[in-house]
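Data block below; observations after.
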Amino acid sequence: MAQSVLLTGAAGRVGEAILGGLADDHEWRLLDRNPPTDDQPGEFVVADITDDDAVREAMDGIDVVIHLAGDPRPEAPWDSVLTNNIDGTQTVFEAAVDAGVESVVFASSNHAVGNYETDARTPELYREHDDYLLDGTELPRPSNLYGVSKAAGETLGRYYHDEHDLSVACVRIGNLTEGHPPIDYERGQAMWLSYRDCAHLFDRCIRADYDYEIVYGISDNDRKYYSIARAREALGYEPQDNSAYYDGEERVAEPDA
Ligand SMILES: NC(=O)C1=CN([C@@H]2O[C@H](COP(=O)(O)OP(=O)(O)OC[C@H]3O[C@@H](n4cnc5c(N)ncnc54)[C@H](O)[C@@H]3O)[C@@H](O)[C@H]2O)C=CC1
Ligand SMILES: O=C1O[C@H](COP(=O)(O)O)[C@@H](O)[C@H](O)[C@H]1O
């Protein structure tokens, strides 16, 4: 059944991937501080997520929130992640609870756990023969202040679930790259998320029933060091792409029928 979905950060790359796959599947209200540059489905609200009144107004009649808006730069300074990623995310969760929203899907990041990639583990960690896997039950080990802000967002989600019974899915997104996996970048190939798998994963987050989940958002890459077992089990995620099927930009293999 189509759901009424508020998509924050709709004008960005992850928003583009989601809307590219799901524009006709749900009733969309899009929110971004930057206005759209082309045609978009549904209604577009130009607002900042730190504007409490605007965020509350945007929640009206919404079933599910996908919260992408924030500073996505791994090198982002503290004042930016504090304002956009932590304060902004708290504003979104609080408004969602007050509006009676069913679930909030939070765009977390690989950088919330980036410091598991120790010198002793890398670069072997990024290779197919290595069996080290993070599964979402581990504590955050952020690799930068941006990662700290994503761990904070996950913790805000935990609080709003436990205290207010909001369903929350935190997706630790890997490396979203359009068309093909990153070139000459083993880490990025191991955590590649294709556009179509991104759209499918967020669709499952919209449709599935869950309490509080932390899952990894990557394609079914042979050389992964993030488990996608929980995303499969809790959300019904069935990715179709695999960075191993590519030689550079070219797709050279098809999955078994
Ligand atoms: N692209 C990727 O591979 C990954 C992205 N993520 C997360 O996914 C989310 C989206 O990332 P991208 O689409 O790549 O970034 P992006 O920079 O392309 O899009 C972010 C959007 O959020 C908007 N925005 C930022 N601060 C805002 C504010 N205070 N109020 C309203 N709108 C605001 C921007 O205008 C922009 O359109 C971010 O939270 C990022 O941390 C996490 C891991 C990987
Ligand atoms: O969280 C994010 O992660 C991706 C991938 O990280 P990288 O260190 O391999 O670049 C990044 O591209 C994106 O901007 C960021 O939001």
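In this note's numbering, each residue's number is its place in the sequence shown (first place is 1) plus 37. We put the CB at the ideal spot given by N, CA and C, even for glycine. Treat the numbers as computed from the prediction; the structure is a model and nothing was measured.
Asked: Helix, strand or coil at residue 133 [DSSP, three-state]; Found: helix
Asked: Spatial distance of residue 209 from residue 75 (CA atoms); Found: 28 angstroms
Asked: Assigned secondary structure, residue 270 (DSSP; H/G/I helix, E/B strand, else coil); Found: helix
Asked: Residue 144, DSSP secondary structure in three states; Found: strand
Asked: Continuous alpha helix (DSSP H) stretch holding residue 201: start and end; Found: 182-201
Asked: Heavy atom of ligand 2 within 6 angstroms of residue 109 beta-carbon; Found: yes
Asked: Cross-strand partners of residue 69 (DSSP beta bridge); Found: 83
Asked: Alpha-carbon spacing of residue 131 relative to residue 197, whole angstroms; Found: 8 angstroms
Asked: Those residues which DSSP pairs with residue 208 across a bridge; Found: 144 and 252
Asked: Three-way DSSP call (helix, strand, coil) for residue 150 in this model; Found: coil
Asked: Burial state of residue 157, where buried means 16 or more other Cβ atoms lie within 10 Å; Found: exposed
Asked: Whole-Å CB distance - residue 95 paired with residue 68, under 8 angstroms assumed; Found: 5 angstroms
Asked: Pairwise C-alpha distance: residue 46 and residue 54; Found: 12 angstroms
Asked: Residue interval of the alpha helix (DSSP H) (run including residue 56); Found: 50-59
Asked: Residue closest to residue 64, alpha-carbon to alpha-carbon, out of 73, 102, 110 and 49; Found: 102
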